[in-house]
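S.K.: Encoded as structure tokens, here's the structure I'll be asking about.
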Amino acid sequence: MRIAAAQVDACVGDLEGNARVVLEWTRRAADAGADLVVFPEMTLTGYPIEDLALRASFRRAAQSTLEKLAVDLDAAGLGEVAVLVGCVGERAAHRRRQPETADGAATDGADDAATDGVVEGGAGSERLPDAELVGDVVAGRPEARDAARPTNEAVLLRGGRVETRYAKHHLPNYGVFDEFRIFAPGDEICVLDVAGRRVGVVICEDIWQDGGPVSLMDENEVACLVVLNGSPFEEGKGHVRAQLAARRAAEVDAPVVYVNLVGGQDDLVFDGGSFVVDRDGTLLASAPQFVEHLLVWDLAAQGEPQRPGPRAAPLHPDEETYRAIVTGLAGYVRKNGFTSVTLGLSGGIDSALTAAIAADAIGGEHVVGVSMPSRYSSEHSKDDAADLAARLGADYRVQPIGAVVEAFQGELALDGVAEENLQARVRGVILMGISNREGHLVIAPGNKSELATGYATIYDAGSIGGFAPLKDVDKSRVWALARWRNDHARDRGEIPPIPESSITKPPSAELRPGQTDQDSLPPYALLDEVLDSYVEHAEGRAELLARGFAPEVVDRVLQLVDRAEWKRRQYPLGPKVTALAFGRDRRLPVTSRWREP
């Protein structure tokens, strides 16, 4: 049996567009001779759909699109291919209440809607209002909650119809996931018959938890297990997935086919990296990361050894993270209808790396870099900004801020930090004005270290806009990624995109004479080590001191982090690349008097 893992990029809410993706990639799979094509988790709706799952109108549209897709596949001559696709599903109890006869008995045919997925609102049926369902959940009635919530489904389309449905059992409720809030768990296993072979089906978290549907598969003698995934990228996660799949392969004594989404969705990045592992954990085939791809693999006949398929070369960790950020920005720009971005170019490392990422994501000609010098801006900073723009082929502009700052000062007469912040905020206003006038997306070049400590002026050029590519990248890693990107260019015989002086000079906001970041922050290597322990590993003051960090450093860093939560809440979205990113991963109150003892 030939299996095609269709690693595709879906957009949340674009039901018709996602259906076209399924049709297109099924045709490619059929041309490759596939008997079964497997799409990732929630491909038809996009993922994650968050509270769209609770909208009856969205669920109805998804079911209608699913049924139409089955018909369209058959009409396109693809009806003989088994197509397994992820979609939101209606709970049986929620699809249609059983209409009653005069004596109160349920009428015949009421179960049909629960099995065929038809959603109707005509005579003899009533849809329970979502508000009523929410009230039941709040009142603590879990049975009402499960009846109200939809399911996360894998659906088999074949012969022009919806043939089989499987509801995900394990619903993650940690980190970036809120599935327990919006979905009801399934309780049945799914084994398909395809080309004379038995294929087990599970969805993502079902293999991350021991027990459940996978533990029952061996009793059904499956020839292989396919897993539909919407697994977001984070550094080092690929190895964990492979090890986990190998465990499940041993558990069912059969190969595991793992197919994952690819592309950016808000602050999540899906890296693809689909693969096949044998029952002994051997990697049989793999797809490249961060690109759409059709991974075709042949399941050997019963009793014969499994044959290897194509294998993609693994990426260096710096390249992996860099490409994740590029993918996240490209997805955000494209899926939100933008064609260009703008940002301030200061000549520093953060704006230089951000601009290089933007050029790789959408093309340098679609990047508008604006130099906004003040009386404190050094000549080398202005030169580095111009050099960067030339290397990237960006639209480069110079907009001095002196006259605007003077106009404000004539009314306000600010000094000290207030005057410094005024300069920074004027730059933010300029970028937003250009954005409004010309339709560019403003991107913020701030990094995770600055965001953690609040070392960023809120509403300035470093924090304003709609997307922040480096939001989950600490300062030390910014330098590492910049060096990787330049080395990558040299290896390809290209001009490095980032001027060397932007990488090597001491970072500075240049808001007063001779200013550097280290005037008010510990050295970044030390700062990032403390931040990693406090933010990502939730170590308290006692643990940090026990590890040997100086009390004055620990107290200063913890004070900065705890006081900056209000700034982080207002910061733009940015792609998650570490195990714990600011945003969905870390939820702390803004108003809090707790301080580490």
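All the letters of the sequence shown, read from the start, carry residue numbers 36 to 632 under this note's numbering.
In this text, a Cβ means the ideal position worked out from N, Cα and C, and glycines have one as well.
CA-CA distance, N255 and E223?
M.R.: Translated into the one-based positions of the sequence shown, residue 255 becomes position 220. Translated into the one-based positions of the sequence shown, residue 223 becomes position 188. Using only the alpha carbons, I get a separation of about 13 angstroms.
S.K.: Straight-line CA distance for D333 to G235?
M.R.: Counting from 1 along the sequence shown, the entry for residue 333 is found at position 298. Counting from 1 along the sequence shown, the entry for residue 235 is found at position 200. Approximately 16 angstroms between the Cα atoms of the pair.
S.K.: Where does S321 sit, in a helix, a strand or coil, going by DSSP?
M.R.: Position 286 of the sequence shown, counting from 1, holds the residue named residue 321. S321 falls in the strand class under three-state DSSP.
S.K.: Tell me which residue opens and which closes the beta strand (DSSP E) that E188 is part of.
M.R.: One-based indexing of the sequence shown puts residue 188 at position 153. 186-193 is the span of the beta strand (DSSP E), which, as asked, contains E188.
S.K.: Which residues in the same chain as L556 place their Cβ atom closer than 7 angstroms to its Cβ, once the five residues preceding and following it in sequence are excluded?
M.R.: Here the question's residue 556 lines up with position 521 in the sequence shown. Taken in chain order, the residues that qualify are T488, Y490, L562.
S.K.: CB-CB under 7 angstroms to R342, same chain, minus the five flanking residues each way: which ones, in chain order?
M.R.: Here residue 342 refers to the residue found at position 307 of the sequence shown. Cβ within range, chain order: D333, A335.
S.K.: Compute the Euclidean distance between the alpha carbons of Y411 and R426, then round it to the nearest angstrom.
M.R.: Along the sequence shown, read from residue 1 onward, the residue named residue 411 stands at position 376. Along the sequence shown, read from residue 1 onward, the residue named residue 426 stands at position 391. Each residue's Cα considered, the two are about 25 angstroms apart.
S.K.: Could you pull the start and end residues of the alpha helix (DSSP H) that L87 belongs to?
M.R.: Numbered from 1 along the sequence shown, position 52 holds the residue referred to as residue 87. Segment: none, L87 is in no alpha helix (DSSP H) and carries neither H nor E.
S.K.: Return helix, strand or coil for P220, following the three-state DSSP convention.
M.R.: As a working mapping, residue 220 is identified with position 185 in the sequence shown. In this structure, P220 counts as coil in the three-state DSSP scheme.
S.K.: Counting Cβ pairs closer than 8 angstroms, one from the stretch 494-505 and one from the stretch 518-527, do we hit at least three?
M.R.: No, the stretch 494-505 is not in contact with the stretch 518-527.
S.K.: At which residue ranges does the stretch 345-406 contain complete alpha helix (DSSP H) runs of 4 or more residues, listed in the order of the chain?
M.R.: Fully enclosed alpha helix (DSSP H) runs of 4 or longer: 352-370, 384-397.
S.K.: When the Cα of K483 is compared with those of I242, T186, P607, which residue comes out closest?
M.R.: Taking the sequence shown and counting its residues from 1, one reaches residue 483 at position 448. Checked all of I242, T186, P607; the closest Cα to K483 is P607.
S.K.: For T142, which of helix, strand or coil comes out of DSSP?
M.R.: Here residue 142 corresponds to residue number 107 of the sequence shown, with the count starting at 1. For T142, the pLDDT reaches just 36, beneath the cut-off of 50, and the residue's location in the model is therefore unreliable, although a value from the coordinates is still provided. Here T142 sits in coil by DSSP.
S.K.: For A111, does the three-state DSSP call read helix, strand or coil?
M.R.: Looking up residue 111 in the sequence shown gives position 76. Here A111 sits in coil by DSSP.
S.K.: Tell me which residues share the same chain as G210 and place their Cβ nearer than 6 angstroms to its Cβ, disregarding the 5 neighbours each side in the sequence.
M.R.: Taking the first residue of the sequence shown as 1, we reach residue 210 at position 175. Around G210: D620.
S.K.: Would you call V275 buried or exposed, if buried means 16 or more other Cβ atoms sit within 10 Å of its Cβ?
M.R.: Within the sequence shown, numbered from 1, the residue matching residue 275 stands at position 240. Exposed, by the Cβ-count rule.
S.K.: DSSP state of N208, grouped into three classes?
M.R.: Counting from 1 along the sequence shown, the entry for residue 208 is found at position 173. Coil, per DSSP.
S.K.: So, L206 versus P220, is the Cβ gap smaller than 9 angstroms?
M.R.: Residue numbering aside, residue 206 sits at position 171 when the sequence shown is read from its first letter. Residue numbering aside, residue 220 sits at position 185 when the sequence shown is read from its first letter. For L206 and P220, yes; Cβs fall inside 9 angstroms.
S.K.: Could you tell me the distance, in whole angstroms, from the CA atom of P610 to the CA atom of Q337?
M.R.: The residue given as residue 610 occupies position 575 in the sequence shown. The residue given as residue 337 occupies position 302 in the sequence shown. The alpha-carbon atoms of P610 and Q337 are separated by roughly 44 angstroms.
S.K.: Looking only at its own chain, which residues have a Cβ that is under 6 angstroms from the Cβ of G363, when we skip the five neighbours before and after it?
M.R.: Residue 363 sits at position 328 when you count from the first residue of the sequence shown. Excluding positions up to five away in sequence, the list reads G299, V304, P610.
S.K.: Name, in chain order, the residues that DSSP records as bridge partners for H328.
M.R.: If you number the sequence shown from 1, residue 328 lands on position 293. Note: H328 sits in a beta bridge opposite Q42.
S.K.: For the beta strand (DSSP E) that D306 lies in, which residues bound it at each end?
M.R.: Taking the first residue of the sequence shown as position 1, residue 306 is located at position 271. It spans 303-306 - the beta strand (DSSP E) in which D306 sits, taken as one unbroken run.
S.K.: Please identify the residue among G366, V312, F218 whose C-alpha is closest to the C-alpha of F325.
M.R.: Numbered from 1 along the sequence shown, position 290 holds the residue referred to as residue 325. Nearest C-alpha to F325: G366.
S.K.: Given that a residue counts as buried once 16 or more other Cβ atoms are within 10 Å of its Cβ, and exposed if not, what is A438?
M.R.: Taking the first residue of the sequence shown as 1, we reach residue 438 at position 403. Exposed, since its Cβ has fewer than 16 Cβ neighbours within 10 Å.
S.K.: Using only alpha-carbon positions, find the residue among I384, V368, E574 that is nearest to E535.
M.R.: Walking along the sequence shown from the start, residue 535 turns up at place 500. Ranking the options by Cα distance to E535, first place goes to I384.
S.K.: Drop a sphere of 10 angstroms on the beta-carbon of D241, count the other beta-carbons inside from all chains shown, and report buried for 16 or more, exposed for fewer.
M.R.: In the sequence shown, counting from the first residue as 1, residue 241 sits at position 206. Looking at its Cβ environment, which holds 16 or more other Cβ atoms inside 10 Å, D241 is buried.
S.K.: Do you know whose CA, among S498, L119, L192, R460, lies nearest A110's CA?
M.R.: The sequence position of residue 110 within the sequence shown is 75, counting from 1. Cα-wise, what sits closest to A110 is L192.
S.K.: For the pair the stretch 368-381 and the stretch 271-288, tell me if three or more CB-CB distances fall below 8 angstroms.
M.R.: No: the two stretches stay apart, fewer than three of their Cβ pairs being nearer than 8 angstroms.
S.K.: First and last residue of the alpha helix (DSSP H) that includes D597?
M.R.: Here the question's residue 597 lines up with position 562 in the sequence shown. Looking at the DSSP string, the run of the alpha helix (DSSP H) that includes D597 is 586-598.
S.K.: Please classify K103 as buried or exposed, where buried requires at least 16 other C-beta atoms within 10 Å of its C-beta.
M.R.: Along the sequence shown, one-based indexing puts residue 103 at 68. When all chains shown are included, K103 counts as exposed.
S.K.: In this structure, does DSSP put I493 in helix, strand or coil?
M.R.: Taking the first residue of the sequence shown as position 1, residue 493 is located at position 458. Reduced to three states, the DSSP call for I493 is coil.
S.K.: Give a yes or no on whether the C-beta atoms belonging to M77 and G48 are separated by under 9 angstroms.
M.R.: If you number the sequence shown from 1, residue 77 lands on position 42. If you number the sequence shown from 1, residue 48 lands on position 13. Against a cut-off of 9 angstroms, the Cβ pair of G48 and M77 comes out as no contact.
S.K.: So for A517, helix, strand or coil by DSSP?
M.R.: Walking along the sequence shown from the start, residue 517 turns up at place 482. If DSSP states are grouped into helix, strand and coil, A517 belongs with the helices.
S.K.: Judging by CA-CA distance, which residue of R196, A39, F74 is the nearest neighbour of S99?
M.R.: Counting from one through the sequence shown, the residue named residue 99 turns up at place 64. Considering only alpha carbons, the answer is R196.
S.K.: Between the C-alpha atoms of R314 and V229, what's the straight-line distance to the nearest angstrom?
M.R.: Taking the first residue of the sequence shown as position 1, residue 314 is located at position 279. Taking the first residue of the sequence shown as position 1, residue 229 is located at position 194. Roughly 20 angstroms between the two C-alpha positions.
S.K.: Pick out whichever of A105, N187, M36, V565 has its Cα sitting closest to the Cα of R94.
M.R.: Residue numbering aside, residue 94 sits at position 59 when the sequence shown is read from its first letter. Nearest C-alpha to R94: N187.
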